[in-house]
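K.L.:
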Amino acid sequence: MMMKPGLRTFALGVHIVASLGWIGALAAYIVLDLTVARSADVGTLRACYVAMGLITTWSIVPLAFASLVTGLIMSLFTKWGLFRHYWTLISLVLTVFALVVLLLEQITVAYYADVGADPNAADAAVQALGHTLPHSVGGMVVLLVVTWLNVQKPRGVTPYGWRKQQEQSARANP
Amino acid sequence: MNQEKSDLPSTPGTPAAATRPPTPRWVKIFGIVGVALLVLILVVVVASLAGFGGEHNPARHLGADHPTTATGNHTRPADHHGVAMVDDESPRSDAWSLDVPARLFV
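Keeping their order, the protein sequence lines are chains W and X.
Every letter in the first sequence is one number past the one before it in our numbering, and letter 129, counting from 1, is 129.
Numbers in our numbering are just positions in the second sequence, counted from 1, shifted up by 174.
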C-alpha cells in the first residue's frame with residue numbers, strides 16, 4: 001500500500017526532523033560528555049551529569065524511537081520497501097543497533113545523573129564517575145553513516161527486491 | 175533519478191532479465207567494515223569479561239556490579255525516590271539550583 005503524495009511528504013518531514021533532531025541532541029550530549037571527561041570541578045560535573053540525563057531521557061531516546069518508527073513507515077508505505085534495497089536494509093540494521101546500544105547506555109547515564117543530582121553524594125564519588133565518549137561518539141558516526149545512506153540512496157537491490165521487481169515487471173508485461 | 179532508474183528491472187524476455195545484478199561494491203565494503211568492527215567489539219567485550227582492559231562491557235549496564243556503585247554510599251537509582259538538589263556547597267548553587275525529580279532517570 002502506497003501513501004498519498006501529501007501524506008508521504010508529511011511523513012518524510014517528520015522522519016527528517018526526528019532523525020536530524022536525534023543527531024542534534026546527540027551533538028549537545030557529546031559536548032557535555034567531553035566536559036565531564038576533562039573537568040575536575042565538582043559543580044561542573046554535577047551540572048553536566050544532570051543535563052546528560054535529561055537530554056538522554058527526554059530528547060535522544062524519544063527522537064531515536066521516532067526516527068525508527070517514521071523510517072519504518074517511510075519504507076513500508078513507499079516504493080522503497082524495507083528489504084528491497086541495500087541502503088534501506090543497512091539503514092534499518094544500523095538504526096536498530098544504535099537504539100539498542102543507546103537503551104543500554106541510558107541506564108548508566110541515568111545513574112550518573114542521579115548521583116550528580118544527589119546532595120548526599122560525596123564530591124569524590126561524583127568525580128569518580130566516568131564518561132560515555134566511546135558510545136556517544138560511536139553513535140554519532142553510525143548516525144552520520146545512516147544519514148549519508150538516506151541522502152545518497154546508493155543503488156543496489158537485494159535478492160528479495162530483485163525477485164519482487166521481476167514479479168511486478170511480469171505482471172505489467174504479461 | 176538516475177540511481178532509481180538503475181535499479182529498475184530489465185524488460186522480461188531480454189537476456190539481462192534472467193540474471194540478477196551483482197552485489198554492488200559499496201555493499202561489499204560495508205559488509206567487510208561491519209564484520210571487522212563487530213569482531214573488534216567482540217574482542218573488546220571478551221577481553222573485558224576476562225579481566226583485561228577494565229570493566230567495560232555490556233554487562234556493566236545490567237548487573238549489580240555496576241562500576242559506579244563503588245563510589246561512596248549512594249543508593250541505586252531504583253531505590254531513590256526523593257527530590258534531588260544540587261549540593262548546597264557547590265559554587266554554582268547560589269546562582270541557580272536544579273530541582274530534578276530522581277524518578278525521571280529511573
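Ideal placement from N, C-alpha and C gives every residue a C-beta, glycine not left out.
Please report the straight-line C-alpha distance between W:W87 and X:I215, rounded to a whole angstrom.
P.N.:
As a working note, residue 87 of chain W is residue 87 in the first sequence. As a working note, residue 215 of chain X is residue 41 in the second sequence. Computed Cα separation, rounded: 23 angstroms.
K.L.:
Could you spell out where the alpha helix (DSSP H) holding W:I60 opens and where it closes?
P.N.:
Along the first sequence, read from residue 1 onward, the residue named residue 60 of chain W stands at position 60. First-last for W:I60: undefined, no H or E at that position.
K.L.:
Identify the residues that DSSP records as bridge partners of W:V215: which are they?
P.N.:
Summary: the structure shown does not reach residue 215 of chain W, with chain W confined to residues 1 through 174, and so no result is reported for it.
K.L.:
Flag this pair as yes or no: are the beta carbons of W:A64 and W:W22 separated by less than 8 angstroms?
P.N.:
Numbered from its first residue, the first sequence carries residue 64 of chain W at position 64. Numbered from its first residue, the first sequence carries residue 22 of chain W at position 22. Yes, Cβ-Cβ distance for W:A64 and W:W22 is below 8 angstroms.
K.L.:
Using the Cβ count rule (16 or more neighbours within 10 Å means buried), how would you classify W:L26?
P.N.:
Taking the first sequence and counting its residues from 1, one reaches residue 26 of chain W at position 26. That one is buried.
K.L.:
Using a Cβ-Cβ cutoff of less than 7 angstroms, which residues in the same chain neighbour W:T177 once the five nearest sequence positions on both sides are dropped?
P.N.:
Shown here, chain W extends from 1 to 174; a query on residue 177 of chain W therefore has no answer.
K.L.:
With 8 angstroms set as the bound, which would you pick, yes or no: does the beta-carbon of W:R155 sit closer than that to a beta-carbon of chain X?
P.N.:
Translated into the one-based positions of the first sequence, residue 155 of chain W becomes position 155. Cβ-Cβ to chain X under 8 angstroms: yes for W:R155.
K.L.:
Kindly indicate the opening and closing residues of the alpha helix (DSSP H) around W:D33.
P.N.:
Position 33 of the first sequence holds residue 33 of chain W. From DSSP, the alpha helix (DSSP H) with W:D33 extends over P5 to R38.
K.L.:
Just by C-beta distance, which residues in the stretch 138–164 of chain W are closer than 7 angstroms to chain X?
P.N.:
Per Cβ criterion, the list reads K153, P154, R155, G156, V157, P159 and W162.
K.L.:
Which value, in whole angstroms, describes the spacing of the CA atoms of W:R171 and W:L149?
P.N.:
On the first sequence, position 171 is the one that residue 171 of chain W refers to. On the first sequence, position 149 is the one that residue 149 of chain W refers to. Taking the straight line joining both Cα atoms gives about 31 angstroms.
K.L.:
If the cut is a Cβ gap below 9 angstroms, which residues of chain X does W:Y29 touch?
P.N.:
To locate residue 29 of chain W, count along the first sequence from 1; it is residue 29. What W:Y29 touches in chain X: nothing, since even the nearest Cβ is about 14 angstroms away.
K.L.:
If you draw a straight line from the alpha carbon of W:A113 to that of W:W58, how long is it in whole angstroms?
P.N.:
One-based indexing of the first sequence puts residue 113 of chain W at position 113. One-based indexing of the first sequence puts residue 58 of chain W at position 58. Rounded to whole angstroms, W:A113 to W:W58 spans 13 angstroms at the Cα level.
K.L.:
Would you mind working out which of W:V115, W:S91, W:R163 and W:I73 sits nearest W:L7, comparing C-alpha positions?
P.N.:
For this step, residue 7 of chain W is matched to residue 7 along the first sequence. Closest by alpha carbon: W:I73.
K.L.:
In three-state DSSP terms, what is W:M140?
P.N.:
Here residue 140 of chain W is taken as the residue at index 140 of the first sequence, counted from 1. Correct three-state label for W:M140: helix.
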